[in-house]
Amino acid sequence: MKKILLFVIILLFSTFLYAKDNTESSGTETKKESSLPQFFKSFTECEYIFDEGISYAQLTRIELMDNRSNFVRENMMLGAYCTVETSDLSFFDLIFTLSAYYPFYQAFNGMEQKAKNMFNYAVDTYLGTIITYDKLEYVILNFTLGMHYMYQLTDEYHMNYLGIGGSIGIDFPISKSWTIVETNFFSYDNPNLGANKKIQPFDAAYQFHINIGVRYSGKVLNKYSYIK
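If you read the sequence shown in numbering that gives the first Met the number 0, its first letter stands for residue 0, the second for the next number, and so on.
Here it is in structure tokens:
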């Protein structure tokens, strides 16, 4: 797990360092740009696009047992999300997603469990790089990879999850400015950063999210759309 987290951190920082290699050539002379000013210049000059909508999340925590079947706890949650995404950065574009959830179903080894606290909730964040494939024109694919963090209040503990995540998204360009967005997100996390660390550590945790929303942008327009 530590090696995987280290790999993702190196991958994210490598995208930032990519700006150091940008140069401007004129005739036989090559002028190197300052990487730090260029880095901030990229964020101030690029466009930002936003989408928001509803979200479903399924979270699984596993305790491995030696002499019996494993303990598997599941939470199914509904909520809302919002996403901000950069457009045309000088290096890789970035995406940040913030979600809030309320659990409507929980189970232990497949058996439904009634919640003792009706005010349980979860807050989820995700920061990653995004690659867009638009060769299909009317169906746009998005692929992301990055760092994932979630805070969850359960009946027993304050849970903190940190790990790696990735997603595959589909954009349906309705018009030049309006887009329907569907995203499938998966993460593998370390669940032992919260109050459960010494009392009840878990051996594994993973999550699956489905986001469905809309995007409007008056500046970053769709090249192709269903409505001309």
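For glycine and all other residues, C-beta sits at the position ideal for the given N, C-alpha and C.
Rounded straight-line distance, which links the Cα of residue j to that of residue i
{"i": "Phe-142", "j": "Lys-113", "result": "37 Å"}
{"i": "Thr-153", "j": "Ile-61", "result": "15 Å"}
{"i": "Tyr-223", "j": "Asn-66", "result": "58 Å"}
{"i": "Ala-203", "j": "Asp-188", "result": "7 Å"}
{"i": "Thr-43", "j": "Met-158", "result": "36 Å"}
{"i": "Lys-227", "j": "Ile-173", "result": "9 Å"}
{"i": "Gly-78", "j": "Ala-56", "result": "8 Å"}
{"i": "Glu-73", "j": "Lys-115", "result": "15 Å"}
{"i": "Tyr-225", "j": "Tyr-160", "result": "40 Å"}
{"i": "Gly-52", "j": "Val-71", "result": "30 Å"}
Cβ distance (whole Å) where residue i is taken to contact residue j below 8 Å
{"i": "Leu-58", "j": "Gln-206", "result": "5 Å"}
{"i": "His-208", "j": "Ser-54", "result": "6 Å"}
{"i": "Ala-194", "j": "Tyr-148", "result": "Rounded, the Cβ-Cβ distance is 16 Å, inconsistent with contact."}
{"i": "Ala-99", "j": "Tyr-120", "result": "7 Å"}
{"i": "Ile-86", "j": "Glu-46", "result": "One point to set straight first is that residue 86 is Ser, not Ile, in the sequence displayed. Rounded, the Cβ-Cβ distance is 4 Å, consistent with contact."}
{"i": "Phe-185", "j": "Gly-164", "result": "7 Å"}
{"i": "Tyr-101", "j": "Met-76", "result": "6 Å"}
6 Å CB neighbourhood of residue i in its chain, flanking five on each side removed
{"i": "Thr-131", "result": "Asn-141"}
{"i": "Thr-182", "result": "Ser-166, Gly-168 and Asn-210"}
{"i": "Phe-171", "result": "Ile-179"}
{"i": "Glu-84", "result": "Ile-48 and Ile-94"}
{"i": "Leu-97", "result": "Cys-81 and Thr-124"}
{"i": "Val-122", "result": "Ala-99 and Tyr-150"}
Neighbourhood of residue i by C-beta, 7 Å cutoff - its chain only, sequence neighbours within 5 removed
{"i": "Pro-200", "result": "Asn-191"}
{"i": "Asp-50", "result": "Thr-82, Val-180, Gly-212, Val-213 and Arg-214"}
{"i": "Leu-63", "result": "Asn-69 and Asp-202"}
{"i": "Met-117", "result": "none"}
{"i": "Lys-196", "result": "none"}
Residues bridged to residue i (per DSSP)
{"i": "Tyr-55", "result": "Leu-77 and Ile-209"}
{"i": "Pro-190", "result": "According to DSSP, which records beta bridges pairwise, Pro-190 is partnered with nothing at all."}
{"i": "Ser-86", "result": "Glu-46"}
{"i": "Tyr-125", "result": "Thr-96 and His-147"}
{"i": "Phe-184", "result": "Ser-166 and His-208"}
Contact set for residue i: own chain, Cβ-Cβ below 8 Å, skip 5 residues either direction
{"i": "Phe-138", "result": "This sequence places Val at residue 138; Phe is not what is there. Ile-169, Asp-170 and Phe-171."}
{"i": "Gly-217", "result": "Ser-176"}
Below-9 Å beta-carbon distance, residue i vs any chain D residue
{"i": "Leu-93", "result": "No chain D is part of this structure, which consists of one protein chain only."}
Worksheet item: Do the stretch 99-116 and the stretch 132-139 meet, that is, are 3 or more Cβ pairs less than 8 Å apart?
Response: Verdict: no, contact absent.
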